[in-house]
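Participant: If you read the sequences in order, they're chains A and B.
Quick note on numbering: the numbering used here labels position 5 of the first sequence as 6, and the sequence is numbered without any gaps.
Quick note on numbering: the numbering used here labels position 16 of the second sequence as 17, and the sequence is numbered without any gaps.
Ideal placement from N, C-alpha and C gives every residue a C-beta, glycine not left out.
Values in this document were obtained by computation on a predicted structure and should not be read as measured data.
Here it is: the structure, laid out below.
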Amino acid sequence: MKILLVCAGGMSTSIVMKKLQKYSDEHGLGLEHIEARGLDDYQEVYQKFDVILLGPQVSHKKAEIQKTVGDKPVGVIAPADYALANAENIFKQVKQLLNK
Amino acid sequence: MAAERLATDKLLETPFMKSLQRFGEALANNKVLSSLSNSMMGMIAIIMVGAIFQILATIPTLFGWATNESPYYQLMMGPYNMTMGLLSLALAFFLGYNYARSLGLKPLINGLSAMILFLMVAAPIRTVTLQDGTTLSAIDSSTLGGVGIFTAIVVAILSVRIAHFCEQRNIAIRMPDVVPPFLAETFNGLLPFLFNVILWYGLSTVVVTYTDTTLPVLINNVLSKPIAALNSVPGMLVAVFLACLMWFFGIHGTIVVLSALMPIALQAITENAAAVAAGQEPKFYPVMLFLTLACAGGTGNTLSLVLMALRSKSEQLRAVSRAALIPGICNINEPVTFGFPIMYNPILAIPYILNPILVAAVVWVGYAIGFFKPAYIPVMAVLPLGVMEFLSTLAWQNLLIPVVGLVVSGLCYYPFFKVYEKQLVEREAAARAEAAASAD
């Protein structure tokens, strides 16, 4: 599984990124690759990923991003999960997105 | 609890709040603005490398070990001159590239043609005769730094619009099917570029011939009125207010507003850099007050709020503030905005929107009496508390800007924090009682 995180500049998402990687390593969830990118450069890399997660501060860009990435699943992380980097809930969301 | 939620939802459902939210989203989704902010972010590496060499050049002059004429200073300013000094050139390329991409055009060729068109109007090659009688073909770099920023923006946006128009009207040289696609594409870009060259070069020639100015000067004159309105103390207070208001709706307001202000800020800072290099004092520009929006813990100066909540009786506030402390010291505050939360929370929104305006007012007084030093080094990144304020001026006084931010924002947040904390504690107690009751 490969996850791409997108926020405005790619900074606050990098906190979430580290938490997700750690949680996956501890629970054996098989996260092969995770990357945090900003709105200005996610276009160059999204092809490599299975699922794209947006930070809540860029949720209004979801339609535009979905158009760019075609049929790849795009989700917005819930504000409360994002704030505390709640890896358990975020992985649940990823699973739902991938099963759709 | 149910009633109180309802009241909040009702407020957000009012037509006024709905239209505010739509306005914020429209602003954030505007293609010109978002291309501009992407281009600005794309240039941060170039700006920062320039700033590093400028700092290295400036530090010895502060101690009197070198002057602006020293070979050391000149050597260190070389990379600065080729980064910040050519900033508008880079901006024309990036903006042409990003705007073309957002319109679904070929980005590379449009970025490149925006850059060439900008050079054509801003710094056409001229042949000058040197003192020893030899001639030199020269590009005047004086308009390629901060001065040319608005020309670069206008040329890049309009030239891409023209290419877009040509594409929509199918104005292109058609190649027969036997021509390889790569070659056909190259020819597709030919006509729009030719039109652009004729238009911009023609316009520039007309302006130079019939008026005493050049096109960049004309563009700057036309734009100077609206820019002056924005680059004023009241204008900055409105900008700060707008950015915070958008965050309340969960939109990254800082980036939206910053994309409009960054060209102005860069121009102010490059002018100050030139002044300092010439041995003068840097000047204060109101655009510098925008930084007070996020000088103590990220947008809305939320670090004081985090410090208050570390020992809160509410479990939610305690958990969030622990997670938010270290990012907050680094001026990153998404955990606060989404976790306290401030987004869609009218109680905390009041001090969140109000305090940066008050901090800006206090800091403005500090600038007005000459205590704080105006920035002349373009440090454009999210950095830990106080680092940007210091590095952009190399003045210790400016380390007090975050202190002002902490104290003023703390005073604003405290009463609202107490009200909100009380609500949360009651809510959490009710939830616990409910859980205990259902367990029995």
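Just the C-alpha distance for S322 (chain B) and A430 (chain B), rounded to the nearest angstrom, thanks.
Facilitator: Cα to Cα, the separation comes out at about 20 angstroms.
Participant: Is V59 (chain A) close to chain B? Criterion is C-beta to C-beta, closer than 8 angstroms.
Facilitator: Cβ-Cβ to chain B under 8 angstroms: yes for V59 (chain A).
Participant: Opposite R38 (chain A) in the DSSP bridges: which residues?
Facilitator: Answer by DSSP bridge pairing, in chain order: A:V7.
Participant: Please compile the residues from chain B whose C-beta is within a distance smaller than 8 angstroms of the C-beta of A88 (chain A).
Facilitator: Result: empty, since nearest Cβ-Cβ is about 12 angstroms, beyond 8 angstroms.
Participant: Tell me whether the beta-carbon of F119 (chain B) lies closer than 8 angstroms to the beta-carbon of Y81 (chain B).
Facilitator: Not closer than 8 angstroms, so no.
Participant: Using 8 angstroms as the Cβ pair cut-off and three pairs as the minimum, do the stretch 337-346 of chain B and the stretch 254-261 of chain B touch?
Facilitator: The stretch 337-346 of chain B is not in contact with the stretch 254-261 of chain B.
Participant: How big is the Cα-Cα spacing for R127 (chain B) and Y202 (chain B)?
Facilitator: R127 (chain B) and Y202 (chain B): Cα-Cα distance of roughly 15 angstroms.
Participant: Would V77 (chain A) pass as a contact of Y47 (chain A) if the rule is Cβ separation under 8 angstroms?
Facilitator: No, these two residues do not count as a Cβ contact at 8 angstroms.
Participant: Rounded C-beta distance between M85 (chain B) and I48 (chain B)? I'm assuming under 8 angstroms.
Facilitator: Yes, they are in contact, since the Cβ atoms of M85 (chain B) and I48 (chain B) sit about 7 angstroms apart, within 8 angstroms.
Participant: In terms of alpha-carbon separation, which member of B:A382, B:A52, B:A361 and B:F17 lies closest to G236 (chain B)?
Facilitator: Taking only the C-alpha atoms, the option nearest G236 (chain B) is B:A361.
Participant: Might you give, ordered along the chain, the residues of its own chain that have their beta carbon closer than 7 angstroms to the beta carbon of L267 (chain B), omitting 5 neighbours on each side?
Facilitator: The residues are L88, G147, I150 and P379.
Participant: According to DSSP, simplified to helix, strand and coil, what is V218 (chain B)?
Facilitator: Helix at V218 (chain B).
Participant: Measure the Cβ-Cβ separation of M247 (chain B) and D41 (chain A) and say whether it is below 8 angstroms.
Facilitator: For M247 (chain B) and D41 (chain A), no; Cβs fall outside 8 angstroms.
Participant: Which residues in the same chain have their Cβ closer than 7 angstroms to the Cβ of L192 (chain B), if we skip the five residues on either side of it in sequence?
Facilitator: Same-chain partners within the cutoff: C167, I172, A173 and I174.
Participant: Are the CB atoms of L216 (chain B) and L204 (chain B) within a distance shorter than 8 angstroms?
Facilitator: Yes, the Cβ-Cβ distance between L204 (chain B) and L216 (chain B) is below 8 angstroms.
Participant: Could you tell me whether any Cβ in chain B is nearer than 8 angstroms to the Cβ of L6 (chain A)?
Facilitator: No, L6 (chain A) does not count as interfacial toward chain B.
Participant: Only counting the same chain, and skipping five residues up and downstream in sequence, which positions put a Cβ closer than 8 angstroms to that of A4 (chain B)?
Facilitator: Residue placement at A4 (chain B) is flagged as unreliable, the pLDDT there being 47, under the threshold of 50; a coordinate-derived value is accordingly withheld.
Participant: Per DSSP, which residues does I53 (chain A) bridge with? Please list them.
Facilitator: Answer is A:L5 and A:V75.
Participant: Using a Cβ-Cβ cutoff of 8 angstroms, what residues of the stretch 55-83 of chain A are near chain B? List them in chain order.
Facilitator: So the close ones are G56, P57, Q58, V59, S60, H61, K62, E65, P80, A81 and Y83.
Participant: For E335 (chain B) versus Q58 (chain A), is the C-beta spacing smaller than 8 angstroms?
Facilitator: In this structure, Q58 (chain A) lies closer than 8 angstroms to E335 (chain B) by Cβ.
Participant: At the 8 angstroms Cβ level, is H165 (chain B) part of the contact set with chain A, yes or no?
Facilitator: Judged by the 8 angstroms Cβ criterion, H165 (chain B) is not in contact with chain A.
Participant: Quick one: complete alpha helix (DSSP H) runs, 4+ long, within the stretch 174-230 of chain B?
Facilitator: Segments of the alpha helix (DSSP H) lying fully in the stretch 174-230 of chain B: 182-189 and 191-211.
Participant: How about E422 (chain B) and S313 (chain B): are their beta carbons less than 8 angstroms apart?
Facilitator: Against a cut-off of 8 angstroms, the Cβ pair of S313 (chain B) and E422 (chain B) comes out as a contact.
Participant: For the stretch 28-55 of chain A, list every residue whose C-beta sits within 7 angstroms of some C-beta in chain B, in sequence order.
Facilitator: Residues passing the 7 angstroms Cβ filter: G39, L40 and D41.
Participant: Helix, strand or coil for R312 (chain B), going by three-state DSSP, please let me know.
Facilitator: DSSP places R312 (chain B) in coil when its eight states are reduced to three.
Participant: List the whole-angstrom C-beta distance separating M309 (chain B) from Y414 (chain B), where the pair is believed to meet the contact cut-off of C-beta under 8 angstroms.
Facilitator: That pair is a contact at about 7 angstroms.
Participant: For N111 (chain B), which of B:I270, B:L92, B:A164 and B:G79 has the nearest alpha-carbon?
Facilitator: Cα-wise, what sits closest to N111 (chain B) is B:A164.
Participant: With the cut-off set at 8 angstroms, would you say P80 (chain A) and K101 (chain A) are in Cβ contact?
Facilitator: For P80 (chain A) and K101 (chain A), no; Cβs fall outside 8 angstroms.
Participant: Does any residue of chain A bring its CB to less than 8 angstroms from the CB of V50 (chain B)?
Facilitator: False, the Cβ-Cβ gap to chain A never drops below 8 angstroms.
Participant: Strictly below 9 angstroms CB to CB, what residues from chain B border L98 (chain A)?
Facilitator: Residues of chain B passing the Cβ test: none, with the nearest at roughly 20 angstroms.
Participant: DSSP on A4 (chain B), reduced to helix/strand/coil?
Facilitator: Any reading at A4 (chain B) needs caution, since the residue's pLDDT is 47, under 50, leaving its predicted position unreliable; the model's value is listed next. In the structure shown, A4 (chain B) sits in a helix (DSSP, three-state: H, G or I).
Participant: Can you list, in chain order, the residues of the stretch 299-326 of chain B whose Cβ is nearer than 7 angstroms to any Cβ on chain A?
Facilitator: The residues in question are A320, V321 and A324.
Participant: Any beta carbon of chain B sitting closer than 8 angstroms to that of L85 (chain A)?
Facilitator: By this cut-off, L85 (chain A) is an interface position.
Participant: Could you tell me how far apart the beta carbons of I158 (chain B) and Y100 (chain B) are, in whole angstroms, since I believe they sit closer than 8 angstroms?
Facilitator: I158 (chain B) to Y100 (chain B), Cβ: 6 angstroms. Contact.
Participant: Please determine, among B:I252, B:E26, B:V388 and B:N197, the residue with the shortest C-alpha to C-alpha distance to G56 (chain A).
Facilitator: Closest option to G56 (chain A), Cα to Cα, is B:I252.
Participant: Quick one, which of B:V288, B:F64, B:N221 and B:T293 has its alpha-carbon nearest V404 (chain B)'s?
Facilitator: Answer by Cα proximity: B:T293.
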